[in-house]
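Notes follow the structure.
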Amino acid sequence: MKRWGRSGRDSVKKSKTRPAPPVAALPDHLLEEIPRRLPDMASLLSAALACKTWGRVASDPDVFRRYLCLRSPPLVGFILTDRGDKPTPFYAPDVCFVTASSRHPKLAAAASDGDFHFVRGPAIDDGNPRYRNEWRLRGCDGGLLLLARGRYSEELAVYDPLTRNITYFTKPDLPHRWYNARYAIIADEADASFRVVAIQHGEDVTADVFSSQTKEWATITWGTVWYIFACPCKDGIAGGQFVYWRPNAKHENKEEILVLDMRTMAWSVITAPFPPGDSYCIADMAEHGGLCIVSSEDQWVKLWVRDHNNGGWVVKKEVSLLNQFGYLKKLRRDQWMKRVRILAMKAGYVYMEFWSIRKTNSYLLVLNMNSTKLQIICNNADKPYRGAAFPFFMRLAPEDDLKLQDA
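In this note's numbering, the protein residues as written are 9 to 415.
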């Protein structure tokens, strides 16, 4: 039997496939779309190390900004303030810096060399102490400190305690000159720019925003939002792309929080899903729809997210600090550490202070809500610092931040 076979005349000529163009031949707008689809910071790091082209694309601020919420925040330490004999922190210039233990040399060097007490920072003229000429800390975000001086905080400065760079500017032209404004700073870690929001409450509520890019103040419209401010003044706090102001009306039966979305510049007032008196912070979590709340009650840390069915709040995750971590239970028993103060949440990490009204020292806690791992940092201060407290993160250029994540 004749074996079957293909003759030369019957051979099929294979069509040649055009080779893919080299990476260098792709336009920038297509290159930037590729790393945007990577799942995590580790994947972005691998792409950045592949070649110079991918390293340049991965370090682009617009691309890098997407991964800020997925990386381990480069924590340098905590800044604690003393509110003195006044109920507002900006009447006392004294601050305490607590170093976060880090094995990474850059973070350790930043904690050692940083000017967190403004000693080598913004210079001031001697004057009558009655008018409060010392710089006072009013906010902290993205490795930048917002400082104010003067009886009515007429002079403002944004200071980088690591590079010693400083930007001076004056308060906006508000209608009530003799009223103190409530400030908040929000920084863009991708390009080191910042904005400062000022709110003043007198006969009318006014709000302005200062941009480091334009070096000017601009008015923010309130729309239909109405919010009643109670004295004493409290400054705002950044939570991702949100800025929020806590009320100071503990006698009320509900906790209403004023929130400004810095992406849309839209105001809103949200009612907290817990009674007044609980410690909390606002967080920006894209994986849970944006704005979330982290609260603490009886040493339970709770993550609240929006219920898309009814618009209310539901507990997404909760962690009992005392049941999960036996050492904290021992501290509570031996040192009367009973209060947990929520400071901030960033990229899945909750930053807190564990303290007692009977002790001057405290413990700074860093809780990873995803892995339920806890870092404990001892604060051996010889006096109580019960004013505003801020975790301080090192602002790194995208290429340096990628190297830090690999370390």
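Even glycine gets a Cβ: it sits at the ideal position worked out from N, Cα and C.
Distance, residue j Cα to residue i Cα
i	j	result
R138	K391	Residue confidence is low: R138 scores 47 on pLDDT, short of 50, so the model does not pin down where it sits. Its coordinate-derived value is still stated next. Cα to Cα, R138 sits roughly 24 Å from K391.
L34	R64	14 Å
T107	N188	32 Å
I385	T171	25 Å
S201	S109	28 Å
D196	G150	7 Å
G244	A274	15 Å
H112	R403	14 Å
T232	K242	22 Å
A117	L373	21 Å
F282	L299	16 Å
G285	S67	43 Å
R91	Q208	21 Å
S304	V348	7 Å
R271	W344	43 Å
L145	H125	10 Å
G319	G297	12 Å
A119	A198	21 Å
C59	R254	47 Å
Y191	V358	23 Å
D181	I174	22 Å
Whether residue i touches residue j by CB criterion (8 Å)
i	j	result
M353	V302	yes
F401	V84	yes
V213	I193	no
L448	M360	In this structure the chain extends from 9 to 415, so residue 448 is not present and cannot be described.
F362	L330	no
P169	L153	yes
F393	I350	Per the sequence shown, residue 393 should be read as Tyr rather than Phe. Not closer than 8 Å, so no.
P101	E142	yes
L375	V327	yes
W308	D315	no
Same chain, Cβ closer than 6 Å to residue i, five either side skipped, listed in chain order
i	result
G158	none
S276	V267
K337	L330
T222	none
F398	I87, C148
G356	M377, N378
C3	Here the chain comprises residues numbered 9 to 415, so residue 3 is not present and cannot be evaluated.
E263	A280, P284
Y176	A165
A226	V217
Y235	L266, V277
Beta-carbon proximity list for residue i, same chain, < 7 Å, skipping 5 on both sides
i	result
K179	S161, E162, L164, A189, A206
I365	none
T380	V327, Q332
S370	E361, F362, W363, N387
Continuous beta strand (DSSP E) stretch holding residue i: start and end
i	result
L372	370-376
D247	Per the sequence presented here, residue 247 reads as Gly, with Asp not at that position. From DSSP, the beta strand (DSSP E) with G247 extends over 245-247.
W143	Neither: W143 is in no beta strand (DSSP E) and is coded neither H nor E.
S379	That residue, S379, is in no beta strand (DSSP E); it is neither H nor E in DSSP.
D306	Unbroken run through D306: none, as it is neither H nor E.
M353	347-354
F400	397-401
Min CB distance residue i to chain B below 8 Å
i	result
D243	Protein chains in the displayed structure number just one, and chain B is not present.
Residue i, enclosing alpha helix (DSSP H) - first and last residue
i	result
N331	329-332
G63	60-66
S120	113-121
8 Å CB neighbourhood of residue i in its chain, flanking five on each side removed
i	result
T368	A389, D390, K391, P392
For the pair the stretch 241-255 and the stretch 282-293, tell me if three or more CB-CB distances fall below 8 Å.
The stretch 241-255, when compared against the stretch 282-293, does touch it at the 8 Å Cβ threshold.
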